[in-house]
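So the structure is just underneath, and the comments pick up after that.
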Amino acid sequence: MQDHAFPMRRLANRRHLARAVLVFEAVWRAIWPAWMVVGAMLCLALLNVLPMLGGWLHAGVLAVAGIAFIVLLTRGLLRMRLPDAAAVDRRLETQSGLRHRPLAVTMDQPAIADPFAEALWQAHKDRTLGAIRALRVGAPRPGLPARDRRGLRFALGLCVLAALAIANVDAPYRIAAALNPAMPVSAASPAVEMQAWITPPAYTGVAPIFLRKDGPVPPVPIGSHLTVNVSGSDATPALTLGEHAIAFKALDSGSFQADDELKRGGVLSVRSRGSVLGSWPLTIVADQPPKAAWGPHPGAREAEQRLRLPWEVSDDYGVTNLQAELRLADRPDAPPVIVPIPLPGGAPKEAHGVNEPDLTAHPWAGLPVIARLIARDAGNQTGASADVGLRLPERPFHNPIARALIAARKTLSQHPDDRTEALTILDGLLQQVEPFANDPGGYSVLSTIYYDLVRNHADAAVPESQDLMWQLALSLEEGQAARTARALEEARQRARDALQQAQHAPSDEARKKLEQRLEELKQAIDRHIAALLKQLLEHNDILQPDQNTLQLSNRDLDRMANEAQQAAREGRLDEAQRDMNQLEQLLDRLRSAHPASRNAEANSRRQQGRNQTSAVQEMIAREGGLLDRAQQRGAPDRPGDPNAERQADAKVQEALRRALGELMQEFSDLTGQVSPNLGDADQAMRDAQTALNQGNDAQAGAAQQG
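Residue numbers (the working numbering): 310 to 1015.
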């Protein structure tokens, strides 16, 4: 039994496959005439022929085609005959090349039902099935060549392929239009009119896009505004964008309007009473973020005090803002310094240039920073450049006290939480009384800085002290010309700001303001040079710049300022920028060429009088603070260490007494006599210092009050 079970199973599988092939051939012969109708209608639809026939004729052709399809399909299916078992075996025998119909053995039975006959018949069946090596079904052959002798099916297939190529991406829309005939409106009804347009965002600078029927539509920026107006319709039209429906609102009895913000693409279609008024495929283009990159050689040039920031930006619709972000290398988490960079033409799509800000007054001057450019477009998207390491340029100081102040200022920038190094430098300066022989006010400012850093532990104390250090360093370096130098720096900054504003938003008002700022800069230059010459004459000094510095004159500076002013007046802002940069370089060299401040013996008496008045007022205020602390230390619940506070106050009292001694000497030089009041004050300060060292707050307070 097991010997012939496998051939029988294989035969059964082949019979199933052969039956399926025969059924497929029968079905295909039955339905192919109906599919010829479908192919013909598909060609007409892809070639956009049906919508040209008009509403009624279009509908009639669809109706005839539908009826023909149903009739041909029904007739073919009714005439179809399913294969029986004999047909299945005959298919296998024919395809396998078997003669004498050997598969019939499996269906026949012996005429005599005895054991010998059945065994003999079974042996015959086994021998016959064993002789059949392979049964083949063969590929389906519906027999269409006999029914379509002219090969119309191939011609129709080629027509469909050609129509698909012609329709291209419009194929789905043409098929949809072919299945939806537009019926004509009654003669009494007004013609339906449609207007549709797309308004891109203002920042793109792209003109409005008007949608023409069956016309191409260029890519649309994201965020554009769609507006569709339909008039002459007695029913509310329908507007769809892909799968999203957009509602119309009625303007009057026959007019409608729809608006929407375009955020995604799709097929935009407008219909009214089943008629397609317009259909367009829309492609939405996303706004790309701007790109920012460094130009060649960013950083400070040798012997120059301006930071060179070369930049390059680009954006698909224009960059509206560019700035450089500087972070201190030693403290990357500290708030960055933001340097605005003006852009030519307002919002250029591509631009490059060089910005040269003056950061010599910043507390980070002379320290390494990490810089990057950040660009922003009108869509509030940002793009950043790669980080680069720079060292901020710093102003050279020739006065040793000024150099020490700048060094202390740097340490506070690097380690604001550790003031030890800065206090050590300041304490060393306080021990040097001789450099402040003619400047007691400067000594008083120095002591103020020191004790404020010692006692004021608030974060705000560091930047305040750094600002005082910078102002004191400038005063020591420049002497009488400090005021005009600061006025010149302020005029330079105002001129730079006015030039940036004129480049960013060109207008007559901006150009006039730039001319005014340049005129103010010229006047500030004249005043500063006059002050420098006066100081040099008073001190018997000669202006001698080093070998790397050009000889400067008031006439050269005036010429550069006049050229920049003339270029601004005529609207040549690029030339004004170039002239302004040259003028800035000359001013930097002028500042570098100024010789070291010498502690001259012949300062004007008027200036000394002002300094003495300021110093006396400062001493009175400091002495009052010492008196208050001496009186408060008597309170039993006062926090802190009284002995440590007394020692600190004793040092302050000693510094104040030394400063008073210098004032007494200056007063004697000015008036030829010693002030008795200042002498009494000196004795009282001496007594107060002694009492503090002995821990006697009551006696110290009495001396300070006297």
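We put the CB at the ideal spot given by N, CA and C, even for glycine.
Item                                                                                                                                                                            : Value
Assign residue 572 to buried or exposed, taking buried as 16 or more other Cβ atoms, counted over all protein chains shown, within 10 Å of its Cβ.                              : exposed
Where DSSP assigns a beta bridge to residue 518, which residues make up the other side?                                                                                         : 507
When DSSP labels each residue in this structure, what does residue 883 get in the three-state scheme?                                                                           : helix
Let me know the secondary structure DSSP gives residue 533 once reduced to three states.                                                                                        : coil
Between 634, 525, 512, which has its C-alpha nearest residue 590's C-alpha?                                                                                                     : 525
Assign residue 739 to one of three DSSP states: helix, strand, or coil.                                                                                                         : helix
At which residue ranges does the stretch 591-629 contain complete beta strand (DSSP E) runs of 3 or more residues, listed in the order of the chain?                            : 600-603, 616-623
Taking only the alpha-carbon atoms, compute the straight-line gap between residue 733 and residue 759 and give it to the nearest angstrom.                                      : 9 Å
Between residue 566 and residue 506, what straight-line distance do the alpha-carbon atoms span, to the nearest angstrom?                                                       : 12 Å
Determine whether the beta carbon atoms of residue 870 and residue 877 lie at a separation below 8 Å.                                                                           : no
Residue 1000: buried (16+ other C-beta within 10 angstroms of its C-beta) or exposed?                                                                                           : buried
How big is the Cα-Cα spacing for residue 497 and residue 540?                                                                                                                   : With a pLDDT of 43 at residue 497, under the threshold of 50, the modelled position of this residue cannot be trusted; read the value that follows with caution. If you take the alpha carbons of residue 497 and residue 540, they lie about 15 Å apart.
Spell out a yes or no on whether the stretch 519-539 and the stretch 582-599 are touching, meaning 3 or more CB-CB pairs, one atom from each, closer than 8 Å.                  : yes
Spatial neighbours of residue 329 within its chain, please: C-beta separation below 6 Å, excluding the five flanking residues on both sides.                                    : none
For residue 740 versus residue 667, is the C-beta distance shorter than 8 Å?                                                                                                    : no
Grab the span of the beta strand (DSSP E) containing residue 375 for me, first residue to last.                                                                                 : Here residue 375 belongs to no beta strand (DSSP E); instead the alpha helix (DSSP H) covers 364-388.
In the DSSP assignment, find the beta strand (DSSP E) that holds residue 580 and state where it starts and stops.                                                               : 575-581
CA-CA distance, residue 836 and residue 637?                                                                                                                                    : 36 Å
Flag this pair as touching only if the stretch 679-696 and the stretch 714-729 have three or more C-beta atom pairs under 8 Å; answer yes or no.                                : no
In the DSSP assignment, the alpha helix (DSSP H) including residue 723 goes from what residue to what residue?                                                                  : 709-723
With which residues is residue 1025 paired in a DSSP beta bridge?                                                                                                               : Coverage of the chain is limited to positions 310 through 1015, which leaves residue 1025 absent and any answer about it impossible.
Is the Cβ-Cβ distance between residue 751 and residue 687 less than 8 Å?                                                                                                        : no
Looking at the strands, I want to know which residues DSSP matches up with residue 1008.                                                                                        : According to DSSP, residue 1008 bridges with nothing at all.
Are the stretch 710-719 and the stretch 642-657 touching, with three or more C-beta to C-beta distances below 8 Å?                                                              : no
Express the C-alpha separation of residue 559 and residue 585 in angstroms, rounding to a whole number.                                                                         : 19 Å
Would you call the CB atoms of residue 576 and residue 599 closer than 8 Å?                                                                                                     : no
With H, G and I counted as helix, E and B as strand and the rest as coil, what does DSSP make of residue 906?                                                                   : With a pLDDT of only 37 at residue 906, under 50, the local geometry of the prediction cannot be trusted, and no value is derived from it.
Would you report the Cα separation of residue 761 and residue 776, rounded to the nearest angstrom?                                                                             : 13 Å
What first and last residue would you give for the beta strand (DSSP E) that runs through residue 648?                                                                          : 646-650
For residue 673, count neighbouring Cβ atoms within 10 angstroms of its own Cβ and tell me buried if that reaches 16, exposed if not.                                           : buried
So for residue 561, helix, strand or coil by DSSP?                                                                                                                              : coil
Beta carbon of residue 368, beta carbon of residue 490: below 8 Å?                                                                                                              : yes
Nearest CA to the CA of residue 828: which residue from 797, 815, 814?                                                                                                          : 797
Kindly indicate which three-state DSSP category residue 691 falls into: helix, strand or coil?                                                                                  : strand
Excluding the 5 residues preceding and the 5 following residue 336 in the sequence, name in chain order all residues of the same chain whose CB lies nearer than 7 Å to its CB. : 389
Roughly how many angstroms lie between the CA atoms of residue 393 and residue 345, to the nearest whole one?                                                                   : 29 Å
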